[in-house]
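For the sequence shown, my numbering puts the final residue at 201, and the numbers step up evenly by one.
What follows is a single structure, written as structure tokens, with notes after it.
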Amino acid sequence: MAEYRQIDNALPEEEKYKLLIKQAESLLDDGLPLLTNLSNITALLKQTFDKISWVGFYFNRGNILYLGPFQGKTACTTIEFGKGVCGKSIESGETLVVEDVEKFPGHIYCDADSKSEIVVPIIENGTKYGVLDLDSYNLAAFNNTDKIYLELLIRILSEKLNLDKLERLMI
Ligand code: SME
Numbered sequence: 031m032a033e034y035r036q037i038d039n040a041l042p043e044e045e046k047y048k049l050l051i052k053q054a055e056s057l058l059d060d061g062l063p064l065l066t067n068l069s070n071i072t073a074l075l076k077q078t079f080d081k082i083s084w085v086g087f088y089f090n091r092g093n094i095l096y097l098g099p100f101q102g103k104t105a106c107t108t109i110e111f112g113k114g115v116c117g118k119s120i121e122s123g124e125t126l127v128v129e130d131v132e133k134f135p136g137h138i139y140c141d142a143d144s145k146s147e148i149v150v151p152i153i154e155n156g157t158k159y160g161v162l163d164l165d166s167y168n169l170a171a172f173n174n175t176d177k178i179y180l181e182l183l184i185r186i187l188s189e190k191l192n193l194d195k196l197e198r199l200m201i
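What follows is the structure, given as structure tokens:
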């Protein structure tokens with residue numbers, strides 16, 4: 031594994047994301063188990079941004095999202111398609127940026143201190159694999175910069191890894 035260098039906390043967010051993308055590219059290795067790759071991606075995000083209180087994956091099996099690798103407090107284990115921010119994102123295929131979770135109808139609280147959230151769907155060739163979910167204790171912690179770079183991260187992840195292996199992780 032390439033040596034990991036902590037990304038300087040004082041850098042502007044966009045610069046941090048650019049470095050994070052480079053590190054993700056060197057970390058991701060389809061020769062490793064999918065679980066190994068995905069776990070490190072959650073750690074990379076959490077250790078790069080102080081604003082993240084929780085980051086993790088939820089994966090689809092039969093139109094129900096199941097909790098995957100994450101960093102943070104214990105979380106909801108299942109979310110139905112169409113429910114909560116995660117379920118709405120996977121259903122619509124859109125990234126959802128929620129500035130104030132209290133104002134999002136149907137938002138699911140896994141942590142009562144959560145204030146804002148971004149959810150990026152993971153969809154490739156029409157297959158809905160799941161979502162990447164990030165939460166913050168700050169209001170409006172996520173914006174268009176997060177959307178652009180997190181979507182890029184998911185594109186890289188989908189290109190570098192065979193996500194069909196997920197099926198075997200979801201038994
Ligand atoms: N808030 C999410 C649920 C997942 S947790 O935040 C980890 C939602 O409304 O879908």
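By construction, the Cβ of each residue, glycine as well, lies at the ideal position given by its N, Cα and C atoms.
Where the alpha helix (DSSP H) through residue i begins and ends
{"i": "S144", "result": "Looking at the DSSP string, S144 is not in any alpha helix (DSSP H), and its letter there is neither H nor E."}
{"i": "K113", "result": "K113 -> no alpha helix (DSSP H), and no H or E assigned at all."}
{"i": "S188", "result": "174-190"}
{"i": "K81", "result": "No alpha helix (DSSP H) contains K81, which DSSP labels as neither H nor E."}
Run of the beta strand (DSSP E) containing residue i, from where it starts to where it stops
{"i": "T108", "result": "108-110"}
{"i": "Y159", "result": "157-166"}
{"i": "L126", "result": "126-128"}
Cβ neighbours of residue i in the same chain (closer than 7 Å, five flanking residues each side left out)
{"i": "K118", "result": "G112, L126"}
{"i": "K103", "result": "W84, D141"}
{"i": "Y88", "result": "L95, Y96, L97, G98, I109, C116, G160, V161, D163"}
{"i": "N70", "result": "L57"}
{"i": "K190", "result": "L58, D60"}
{"i": "F134", "result": "V115, V128"}
{"i": "N90", "result": "I120, K158, Y159, G160"}
{"i": "L68", "result": "F87, G98, P99"}
{"i": "L49", "result": "I37"}
{"i": "L196", "result": "L64, F89, Y159"}
Contact belief for residue i with residue j at Cβ below 8 Å, rounded distance in angstroms
{"i": "V150", "j": "I184", "result": "5 Å"}
{"i": "Q36", "j": "Q77", "result": "7 Å"}
{"i": "Y34", "j": "Y179", "result": "Incorrect: roughly 18 Å between the Cβ atoms, too far for contact."}
{"i": "C106", "j": "I153", "result": "Between I153 and C106 the Cβ distance is about 21 Å, and since that is not below 8 Å, they are no contact."}
{"i": "Q53", "j": "L74", "result": "6 Å"}
{"i": "D2", "j": "L193", "result": "The requested residue 2 does not occur in the structure, where the chain is confined to residues 31 to 201."}
{"i": "L41", "j": "L199", "result": "That pair is no contact at about 34 Å."}
Residue i, DSSP secondary structure in three states
{"i": "N234", "result": "In the structure displayed, the chain extends from 31 to 201; residue 234 sits before or after that span and is not available."}
{"i": "T66", "result": "helix"}
{"i": "E197", "result": "helix"}
{"i": "I152", "result": "strand"}
{"i": "Q101", "result": "strand"}
{"i": "L41", "result": "coil"}
{"i": "L95", "result": "strand"}
{"i": "I138", "result": "coil"}
{"i": "A73", "result": "helix"}
{"i": "L169", "result": "coil"}
{"i": "L58", "result": "coil"}
Cutoff 6 Å; reference residue i; Cβ partners in own chain excluding five residues on either side
{"i": "Y167", "result": "S83, D143, K145"}
{"i": "D176", "result": "I148"}
{"i": "A171", "result": "K81, S146"}
8 Å Cβ shell around residue i - same chain, five flanking residues per side excluded
{"i": "N173", "result": "V127"}
{"i": "I51", "result": "Y179, L182, L183, I186"}
Contact with chain C by residue i, beta-carbon distance below 8 Å
{"i": "L41", "result": "Here chain C cannot be found, since the structure has a single protein chain."}
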